[in-house]
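Visitor: Protein chains in written order, with this note's numbering: chain A, 1 to 297; chain B, 1001 to 1297. A virtual CB, placed ideally from N, CA and C, is assigned to each residue, including glycine.
There are 2 protein chains.
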Amino acid sequence: MFKEKVAAAYQLIQDEICSGLEQADGHATFEEELWHREGGGGGRTRVIQSGAVIEKGGVNFSAVHGQLPEAVKRSFNVESDAFFATGVSIVIHPVNPFVPIIHMNIRYFEMDEQTRWFGGGIDLTPHYVIPTDARFFHHRLKQTCDEFDKAFYPKFKAIADDYFFIKHRQETRGVGGIFYDRLRPESTGHDFEHLFNFSLAVGRTFVPVYAELIDRNQEQHYTEQHKEWQYLRRGRYAEFNLVYDAGTKFGLETNGRIESILMSLPPMAKWPYDPQVVAGSEEEKTLALLKKGIDWV
Amino acid sequence: MFKEKVAAAYQLIQDEICSGLEQADGHATFEEELWHREGGGGGRTRVIQSGAVIEKGGVNFSAVHGQLPEAVKRSFNVESDAFFATGVSIVIHPVNPFVPIIHMNIRYFEMDEQTRWFGGGIDLTPHYVIPTDARFFHHRLKQTCDEFDKAFYPKFKAIADDYFFIKHRQETRGVGGIFYDRLRPESTGHDFEHLFNFSLAVGRTFVPVYAELIDRNQEQHYTEQHKEWQYLRRGRYAEFNLVYDAGTKFGLETNGRIESILMSLPPMAKWPYDPQVVAGSEEEKTLALLKKGIDWV
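So this is what it looks like as structure tokens:
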């Protein structure tokens, strides 16, 4: 069945990504935890901590099924309340402040033949925005998108800009990326096989892109002051995830597996009162680039 | 006018508390920032950082007025949309893990003669629950409450247990305290003057109680491991404030002054993956006491 094929392919993606990240780190390895969901299904949580490159990272696979809560069911307008959902979800917090935080998610959701879709995205959160890296990142995402539909990149890039926005700070979480949801033949003009392959291509874009960004920046010397800024930016990351992130909110409200949901939170963050950036500093330049609508390609 | 009398008294409470905390700290002093609200009114934010006892703390006074958003107005069933609100709000994050985090808030809200009330509370979040301290804390709150109404303490203690609860962790934020809202003659049988005096008494309970808790614990020797646990408990504090706290949510949604709203966030917090506590340890004993419904008096 289609959904089982998707889940199996996503497990392979998880394997590929974990081995790619272990290679990039060169020191730490993933620890795996298998879990089962009371309502049906389960997952493989894989966590890497205290590495040479990665301070804390998680690469989670899950495939769950069961009955949707009544309220969610009503909003979908479906007969049955049975659902199936599978996905791979990643957040990496690096040691070096010049290596960016990265997030990726690919997922498939199915209720019945009519009610099913792919969702996902990748976005980058540099502590210090390095324009050549941001351009490289977006360029590679565009390449992946363009192989499947020329309309995908501009559309999904705009959605990411809107989604990864910290409203109360009036700043984006990072330099964005792509974000998409409810991709179906009706909304895209492509069959499910094509959308499935797109989803896998997004998953396979992760390692080469992030390995390159690690390679470019991991040897960069950093000071205490750079670390302080990293802690502050991580605080913003925690704010976004706890206040706005739809996946986190859904997980918390539906009694999901807490440690897997909050795996995205930074290993360490700081909230000094009213931090100020020095005019002309790298920190100020970064803040100026945390805006929606920057064309990076 | 009554509301001006309340605001003036609250300013004095802020002054008393700041000077009491400076004395307890013995090293750091508050920095003040005056701010004005575009819609009307303003406040005095006072922050203390890097003290001998207090790592980061804020004692804010505000008195704002203006027009309520339409949605809020509807829920209140009032003719006019003019409102006035004044309050003092405090969160203190201490250096020593054996000194507890404390939060206090007293506030008065008024729309018209019929629509006005007092709200507030004090609650304690020890990183390590020390039962004698928790009992002392609750005993003193009960004393303050009992002077005004014997029914207050049990009622407000139960509300605090329910309110300061981290649902997704199934644990309370700390050992609770008292929390109350919409105190009016109709709901209490006391006139506004009596409720006002209760509010001031709550405000004046803060310094002697917290100074005592500092005095009892600030000389306690602590290790790196105790600090790690403190960072972890501070992470839970941040989770509560960003995910559940009504005041924080309201502030973020209504474009309040961000640095004042998020002043409550810890100076530094950690989120290690799936931390485990050792059986029989002080950390495990603390977790066992982070439950609703414990009778501390």
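(1) Give the single residue among A:S50, A:V88 and A:N77 whose Cα lies nearest to the Cα of E16 of chain A.
(2) Whose Cβ in chain A lies nearer than 7 Å to the Cβ of E1239 of chain B?
(3) Would you check if there are 3 or more beta carbon pairs closer than 8 Å linking the segment 1197-1215 of chain B to the segment 1010-1026 of chain B?
(4) Listing by chain order, which chain B residues have their CB less than 8 Å from the CB of D274 of chain A?
(5) Contact between the segment 1060-1069 of chain B and the segment 272-284 of chain A: three or more CB pairs below 8 Å?
(6) Touching or not, the segment 1154-1162 of chain B and the segment 1177-1185 of chain B, by the rule of three or more beta carbon pairs under 8 Å?
(7) With burial defined as no fewer than 16 other Cβ atoms inside 10 Å of the residue's Cβ, what is the status of M268 of chain A: buried or exposed?
(8) Would you say P100 of chain A and P126 of chain A are within 7 Å of each other, going by their C-beta atoms?
(9) List, in chain order, every chain A residue whose beta-carbon is nearer than 8 Å to that of M1111 of chain B.
(10) Taking the alpha-carbon of A1134 of chain B as reference, which of B:D1146, B:P1094, B:E1212 and B:A1071 has the nearest alpha-carbon?
(11) At 3 residues or longer, what runs of the beta strand (DSSP E) sit wholly inside the segment 4-41 of chain A?
(12) With DSSP as the reference, label M1 of chain A as helix, strand or coil.
(13) Looking at the C-beta of V1151 of chain B, does it have a partner C-beta in chain A at a distance below 7 Å?
(14) Whose C-alpha, out of A:I122, A:Y128, A:E193 and A:Y108, is nearest the C-alpha of F148 of chain A?
(15) Mind checking if H1168 of chain B is an interface residue toward chain A, Cβ cutoff 7 Å exclusive?
(16) Please list, in chain order, the chain B residues whose beta carbon lies closer than 8 Å to that of L195 of chain A.
(17) Whether or not the segment 1079-1088 of chain B and the segment 1104-1115 of chain B are in contact is what I'm after, with contact meaning three or more pairs of Cβ atoms, one per stretch, closer than 8 Å; do they touch?
(18) What is the DSSP secondary structure of L1124 of chain B, reduced to helix, strand or coil?
(19) Taking just the CA atoms, how far does N1255 of chain B sit from Q143 of chain A?
(20) What would DSSP say about G1087 of chain B, mapped onto helix, strand or coil?
(21) Since K270 of chain A meets chain B, which of its residues come closer than 7 Å, beta carbon to beta carbon?
(22) Count the CB pairs spanning the segment 1165-1174 of chain B and the segment 1233-1252 of chain B that are closer than 8 Å, and state whether there are at least three.
(23) Is the shortest distance between the beta-carbon of Y1252 of chain B and the beta-carbons of chain A less than 7 Å?
(24) DSSP three-state call for S1062 of chain B: helix, strand or coil?
(25) Just how far apart, CA to CA, sit E272 of chain A and L232 of chain A?
(26) In chain A, what lies closer than 9 Å to K1056 of chain B by C-beta?
(27) Tell me whether K292 of chain A sits in a helix, a strand or coil according to DSSP, three-state version.
(28) F183 of chain A bridges to which residues according to DSSP?
(29) Between the segment 290-297 of chain A and the segment 63-82 of chain A, do three or more beta carbon pairs fall short of 8 Å?
(30) Quick check for students: name the residue ranges of the alpha helix (DSSP H) that lie wholly in the segment 189-276 of chain A, counting only runs of 4 or more.
(31) When you compare only the Cα positions, how much space is there between F1084 of chain B and H1103 of chain B?
(32) Apart from the five residues just before and just after T1286 of chain B, which ones in its own chain have a Cβ nearer than 6 Å to its Cβ?
(33) Which residues in the same chain as V1297 of chain B place their Cβ atom closer than 6 Å to its Cβ, once the five residues preceding and following it in sequence are excluded?
(34) Could you tell me the distance, in whole angstroms, from the CA atom of L1068 of chain B to the CA atom of M1001 of chain B?
Guide: By the coordinates alone:
(1) For E16 of chain A, the nearest C-alpha among the options comes from A:V88.
(2) L242
(3) yes
(4) Neighbours of D274 of chain A on chain B, chain order: E1033, V1047 and E1259.
(5) no
(6) yes
(7) buried
(8) yes
(9) The contacting residues do not exist; M1111 of chain B stays about 25 Å from chain A at best.
(10) B:E1212
(11) 31-36
(12) coil
(13) A small fix is needed here, since residue 1151 of chain B is Ala in this sequence, not Val. No - not a single Cβ of chain A is within 7 Å of the one on A1151 of chain B.
(14) The shortest C-alpha separation from F148 of chain A is found at A:E193.
(15) yes
(16) Residues of chain B passing the Cβ test: none, with the nearest at roughly 32 Å.
(17) For the pair of segments examined, the segment 1104-1115 of chain B was found to touch the segment 1079-1088 of chain B: the number of CB pairs separated by less than 8 Å reaches three.
(18) strand
(19) 39 Å
(20) strand
(21) P1267 and M1268
(22) yes
(23) A small correction: the amino acid at residue 1252 of chain B is Leu; Tyr does not occupy that position in the sequence shown. Chain A, which has a Cβ nearer than 7 Å to the Cβ of L1252 of chain B, makes this yes.
(24) DSSP places S1062 of chain B in strand when its eight states are reduced to three.
(25) Residue 272 of chain A is actually Pro in this sequence, not Glu. The alpha-carbon atoms of P272 of chain A and L232 of chain A are separated by roughly 8 Å.
(26) W271, P272 and Y273
(27) coil
(28) In the sequence as displayed, the identity of residue 183 of chain A is Leu instead of Phe. For L183 of chain A, which the question treats as bridged, DSSP gives the partners A:F118.
(29) no
(30) 192-217, 224-243, 246-253 and 258-261
(31) 23 Å
(32) For T1286 of chain B, same chain residues with a beta-carbon under 6 Å away, outside a window of 5 residues either side, are Y1128 and V1129 in chain order.
(33) Cβ within range, chain order: H1138, H1139 and K1142.
(34) 21 Å
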